[in-house]
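K.L.:
Quick one: structure below, then a few questions.
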Amino acid sequence: MMKKSTVSLFNFVYLLTPLVVAFSLAVNVQAASRDGSVLPLSPPPFKGTIKKTFEGSIQDFPQPVKPPEGAPNIVVILIDDLGFGQPGTFGGPVPTPKLDSLAAEGLRYNRFHTTAICSPTRAALLTGRNHHQAGFGTITELSTGYPGYNSVWPRSTASIAEILKDNGYSTAAWGKWHNTPDWETTPIGPFEHWPTSLGFEYWYGFQGGESSQWEPQLFRGTTPVEPQKRPEDGYNLNSDLADDAIAWIKRQQAISPDKPFFVYFATGAVHAPLHVSREWIDKFKGQFDQGWDKVREETLKRQKELGVVPENTDLTPRPSSIPPWNSLDADAKRLYARQQEVFAGFLAQTDYEIGRVIDAVHALPDGDNTLIIYVAGDNGPSAEGSLTGTINNLMTQNGIPDTVANQLPHIDEIGSSPEFENHYAVGWAWAGSSPFQWMKRVPSHFGGTRNGMVISWPAQIHDGGGLRAQFHHVVDIAPTIMDAVGIKQPKVVKGTEQVPMAGVSMIYSFDNADAPGQRHTQYFEVGGHRAVYQDGWIAASFHGVPWQLSGSVGFADSKWELYNLEEDFSEAHNLAGQYPEKLAQLEKLFDKEAEIYNVYPLDDRFIERALNPERPSFVRGRTQFDYGAGTVRIPEGNAPPIYQRSHTITADIEVLEDGNSGVIVAEGGSMGGYSLYLDNGVPVYEYNFFGQDHYRLASMEPLAPGAHKVVVVYQQKTPFKRFREFFGGPARLIVDGVEVAQGEIEMVVPGRFSATETLDIGMDLGSTVSRGYAAKAPFAFGGKIDNVRFELK
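Positions 0 to 792 (numbering that gives the first Met the number 0) are the ones given, in order, by the sequence shown.
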């Protein structure tokens, strides 16, 4: 029998063990938190003295977290839709002197890669993980219900902003975001996936894929804000973003000069619409009359002279689907040359405005200790303007091609007018990807994924003007920043275990141009296009032209190509027939990488994914919506889905003696939408079909002061069956039970009016649906709005 004293000791040890383990874990967690592996850092233990009164007690405040000694300021600049062969710094036809000057003091990287499309590139840049790991296998508007594609940023992939903030940095972002799920971009949130919930203490910019440079709809933090000036008063988004960033940097330095900052400056430029003042456009008049074939040849010549491509680089051929310049008639040449002049002016102005931000950073007392990473494009040049270019980018994305005849009458207004959401023809996107094949949305080839990058850090980089040719990817930016700061990748952030970063630091290349590359493998996939790189070889599977926005090519007969990049910089020579075993090896490697990083299931559809009925929605299943006065900035994805659907809009209003004009309800903008408004008391309903046709119903008599019920009844004649059907139907305008106007709306928008315009009650924010009141924007209603009801059939 066990002795009593032994039992007591056993019980004591048994009871004490959990306490010892718990204490040990607490100590380990606290130590881990202090070494940066667990974020946010826990406060150190209280080291003061507490007596019964203040006399003899010693204070010990928890102090703010401090970054490592000498930690640099960090600036990451990301341009939208800019190809490798477009900026002058990498041999393109558009001078970019500010980028040149940054490269002269830093390094150019000529084998840097993105994902071939915007949301995925941004997610990979900010997380250091491959885009499918972060849920961004595609853009937010095309999300599907699979882990790699749902556009829901996981807590297990904390952003570099979150990591830097928790290590003592001030963090701020400007411009395009496009990483919040489409259904979460409302003014009331949820805000969990907005910049200010993902590590940025300040954000001034826009949600969605694109924005007008003249009439953007912006947010400061999570609060909707409107520009203080109209375009006719000189407003421009590029300039506004630069002004705001410079002002923030000055505030931050004035208040906390010893605290380093992280600035993420992501322009909406040079994504369509291509908007810039005539002053900038005119600088390039006549410079592209030679056409895209010749511009491409000229670009390669400059690239070789600059050394940004090897001397033996071959120019890849023009795809047969893109017409040769010499086959075009005089009108087409004149229009297309003007489209490229507008783009060139836009890029030049963007370079200038970014340069102002860089100059402000360099002017700081510790300006030399600033790491600037400038990524010249989140993907290749955009083909979304279709073969002819367009004056309405959303129209082409809804499946309506533009024509030369439709654009020519507006040739002098393209770019400088807020009335058009213009984009260039595909031929210019192809020219801008020189010397590579294809362009944006094609990650199988470098025309979609190879982007120029410049890194400057005067305090640490001493090979000013140097060229680096190591193979790298956008996932490598976050690890590079952490390496520069001197912090480690956290294992836990806000209680969530972190997925290890897929990227590697590029700092090893700063002092040694010949250092062996440290990225050995990288897969690529967007929209069914696939590729995988390994140690100088790449296998690529092209999956259809990027301006075809509907249908599926299918995956049964996927063809793969093979390139030896050590000998063939531009992917000009397909070696699949010569090395079938190597190709088979890389195909298996892609499958392995795809399984690891959530790439499956492959999906090459576009508009069909945009119309995905399974996506989370605040409006799905609802047939009645009621809105009161002042309800504004409701994004289209959260507005009543009236597209090609019978519906009624009923507005209960009160007309005042001195307030008998203004918008009652409007959705969309100058390039598509609808508006119900009073024009000097006269009720008007206007439907804007992509800026091509304006259908207008108006009463013959103004409303007398007092309460009124104004109703629009629309009957869809032919139900929507498939993409590229735009048939409309009859509409009636009814006031106080009496029909006052009726007419046929012959064509209606099938899927989306705009990228960023909204539904507004009592005014028309952003660009205006009707040209009739554009000069009075936002044309706020002068009476009272009791309720606006939508009823969907």
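By construction, the Cβ of each residue, glycine as well, lies at the ideal position given by its N, Cα and C atoms.
These figures come from a predicted structure and were not determined experimentally.
(1) Ignoring anything shorter than 3 residues, give me the beta strand (DSSP E) runs that lie fully in the segment 78–138, in order along the chain.
(2) Count the C-beta pairs between the segment 185–201 and the segment 153–172 that are closer than 8 Å, then say yes if the count reaches three, no if not.
(3) Would you mind working out which of His361, Asp657 and Val711 sits nearest Gly705, comparing C-alpha positions?
(4) Using 8 Å as the Cβ pair cut-off and three pairs as the minimum, do the segment 318–328 and the segment 421–431 touch?
(5) In chain order, what are the residue ranges of uninterrupted beta strand (DSSP E) at least 3 long that sit wholly in the segment 487–568?
(6) Go to Pro251, then tell me how far its alpha helix (DSSP H) extends in each direction, as first and last residue.
(7) In chain order, which beta strand (DSSP E) runs of at least 3 residues are fully inside the segment 578–636?
(8) For my contact list, His212 and His274 are in at a C-beta cut-off of 8 Å; report their separation, rounded to the angstrom.
(9) Please state if the CB of Lys493 and the CB of Ser645 are separated by a distance shorter than 8 Å.
(10) Rounding to the nearest angstrom, what Cα-Cα distance links Glu793 and Lys708 in this structure?
(11) In the DSSP output, what is Trp202 paired with across the bridge?
(12) For the beta strand (DSSP E) holding Asn687, just list the boundary residues, first then last.
(13) Quick check on the burial criterion: 16 or more other C-beta atoms within 10 angstroms. Buried or exposed for Val20?
(14) Indicate the three-state DSSP secondary structure (helix, strand or coil) for Tyr673 in the structure shown.
(15) Residue ranges of each alpha helix (DSSP H) run of no fewer than 4 residues wholly in the segment 440–491, ordered along the chain?
(16) Out of Ile606, Val787 and Lys487, which has the shortest C-alpha to C-alpha gap to Ser674?
(17) For the segment 458–475 against the segment 43–63, do three or more pairs of beta-carbon atoms, one drawn from each stretch, fall closer than 8 Å, so that the two count as touching?
(18) Is it the case that the Cβ atoms of Gln715 and Gln623 are separated by a distance below 8 Å?
(19) Could you spell out where the beta strand (DSSP E) holding Leu370 opens and where it closes?
(20) Between which two residues does the alpha helix (DSSP H) holding Phe342 run?
(21) What does the Cβ neighbour count give for Ala665, buried or exposed, with the cut at 16 atoms within 10 Å?
(22) Excluding the five sequence neighbours on either side, which residues of its own chain have a C-beta within less than 7 Å of the C-beta of Val26, listed in chain order?
(23) Please name the residue, chosen from Asn611, Gly620, Arg614 and Gln533, that lies closest to Gln584 on a Cα-to-Cα basis.
(24) Is Glu756 helix, strand or coil when you go by DSSP?
(25) Restricting to Cα atoms, I'd like to know which of Ile138, Glu140, Gly147 and Thr143 is closest to Asn129.
(26) One question on the structure: do Gly526 and Phe554 come within less than 8 Å of each other, judged by their Cβ atoms?
(27) Going by other Cβ atoms of all chains shown within 10 Å of its Cβ, with 16 needed for buried, is Gly629 buried or exposed?
(28) Look up Gly431 in the DSSP assignment and say whether it is helix, strand or coil.
(29) Quick check: Pro316 and Phe568, are their CB atoms within less than 8 Å of each other?
(30) Is the CB-CB distance between Val356 and Ala241 below 8 Å?
(31) Spell out the partners DSSP gives Met746 in its beta bridges.
(32) For Ala774, name the three-state secondary structure that DSSP assigns.
(33) Secondary structure at Val787, three-state DSSP: helix, strand or coil?
(34) In terms of residue numbering, what span does the beta strand (DSSP E) encompassing Val711 cover?
(35) Determine the closest residue to Arg794 out of Ala593, Gly750, Tyr684 and Gly47, with distance taken between C-alpha atoms.
(36) Please list the terminal residues of the continuous alpha helix (DSSP H) segment that includes Val403.
P.N.:
Judging by the given coordinates:
(1) 106–108
(2) yes
(3) Within the sequence shown, numbered from 1, the residue matching residue 705 stands at position 706. It is Asp657 whose Cα lies nearest to the Cα of Gly705.
(4) yes
(5) 520–525, 528–533, 536–540 and 560–563
(6) Your numbering for residue 251 matches position 252 in the sequence shown. With the sequence shown as reference, residue 251 is identified as Gln, and Pro is not the correct amino acid for it. That run of the alpha helix (DSSP H) goes Leu236 to Ile254.
(7) As far as the segment 578–636 is concerned, its whole beta strand (DSSP E) runs of at least 3 residues are 623–626.
(8) Taking the first residue of the sequence shown as position 1, residue 212 is located at position 213. Taking the first residue of the sequence shown as position 1, residue 274 is located at position 275. Reading the sequence as shown, one finds Gln at residue 212 and not His. Between His274 and Gln212 the Cβ distance is about 3 Å, and since that is below 8 Å, they are a contact.
(9) By 1-based counting over the sequence shown, the position of residue 645 is 646. By 1-based counting over the sequence shown, the position of residue 493 is 494. No, these two residues do not count as a Cβ contact at 8 Å.
(10) The structure shown has nothing for residue 793, since the chain only spans 0 to 792.
(11) Residue mapping note: residue 202 aligns to position 203 of the sequence shown, counting from 1. In DSSP, Trp202 forms a bridge with Ala172.
(12) The count along the sequence shown starts at 1 and reaches residue 687 at position 688. Where Asn687 is concerned, the enclosing beta strand (DSSP E) stretches over Val681 to Phe688.
(13) Here residue 20 refers to the residue found at position 21 of the sequence shown. Caution applies to Val20, whose pLDDT of 39 falls short of 50 and renders its modelled position unreliable; the value that the coordinates give is listed next. Answer is exposed; the Cβ neighbour count stays below 16.
(14) Here residue 673 refers to the residue found at position 674 when the sequence shown is read from its first residue. Strand, per DSSP.
(15) 445–448 and 476–484
(16) Numbered from its first residue, the sequence shown carries residue 674 at position 675. For Ser674, the nearest C-alpha among the options comes from Val787.
(17) no
(18) Residue 715 sits at position 716 when you count from the first residue of the sequence shown. Residue 623 sits at position 624 when you count from the first residue of the sequence shown. No; because the gap between Cβ atoms is not below 8 Å, this pair is not in contact.
(19) Translated into the one-based positions of the sequence shown, residue 370 becomes position 371. Per DSSP, Leu370 is one residue of the beta strand (DSSP E) stretching across Thr369 to Ala375.
(20) Counting from 1 along the sequence shown, the entry for residue 342 is found at position 343. Annotation for Phe342: the continuous alpha helix (DSSP H) segment containing it runs Ala329 to His361.
(21) Along the sequence shown, one-based indexing puts residue 665 at 666. Buried, because 16 or more other Cβ atoms sit within 10 Å of the Cβ of Ala665.
(22) Position 27 of the sequence shown, counted from the start, is the residue given in the question as residue 26. Unreliable placement is indicated for Val26, whose pLDDT of 41 sits below 50; the coordinate value is still reported in the next sentence. The same chain holds no residue with a CB closer than 7 Å to that of Val26 once the five nearest residues on each side in sequence are set aside.
(23) On the sequence shown, position 585 is the one that residue 584 refers to. Among Asn611, Gly620, Arg614 and Gln533, the Cα nearest to that of Gln584 belongs to Gln533.
(24) For the purposes of this step, residue 756 is taken as the residue at position 757 of the sequence shown. Here Glu756 sits in coil by DSSP.
(25) Taking the sequence shown and counting its residues from 1, one reaches residue 129 at position 130. Taking only the C-alpha atoms, the option nearest Asn129 is Gly147.
(26) By 1-based counting over the sequence shown, the position of residue 526 is 527. By 1-based counting over the sequence shown, the position of residue 554 is 555. Their beta carbons are not under 8 Å apart, which means Gly526 does not touch Phe554 by this criterion.
(27) Along the sequence shown, read from residue 1 onward, the residue named residue 629 stands at position 630. Gly629 is classed as exposed because its beta carbon has fewer than 16 other beta carbons within 10 Å across all chains shown.
(28) Locating residue 431 in the sequence shown gives position 432, where the first residue counts as 1. Three-state DSSP puts Gly431 in a helix.
(29) Counted from its first residue, the sequence shown places residue 316 at position 317. Counted from its first residue, the sequence shown places residue 568 at position 569. It is not a contact, given that the beta carbons lie outside the stated cut-off.
(30) For this step, residue 356 is matched to residue 357 along the sequence shown. For this step, residue 241 is matched to residue 242 along the sequence shown. Going by C-beta atoms, Val356 is nearer than 8 Å to Ala241.
(31) Position 747 of the sequence shown, counting from 1, holds the residue named residue 746. Checking the DSSP bridge columns, you'll see Met746 partnered with Phe726.
(32) For the purposes of this step, residue 774 is taken as residue 775 along the sequence shown, with counting starting at 1. Under the three-state reduction of DSSP, Ala774 is assigned to helix.
(33) By one-based count along the sequence shown, residue 787 stands at place 788. Val787 sits in a strand when the DSSP states are folded into three classes.
(34) Counting from 1 along the sequence shown, the entry for residue 711 is found at position 712. DSSP places Val711 inside the beta strand (DSSP E), whose first and last residues are Gly705 to Tyr713.
(35) Past the boundaries of the shown model lies residue 794; the chain is included only from 0 to 792, so the question cannot be answered.
(36) Position 404 of the sequence shown, counted from the start, is the residue given in the question as residue 403. Counting along the chain, the alpha helix (DSSP H) containing Val403 begins and ends at Val403 to Gln406.
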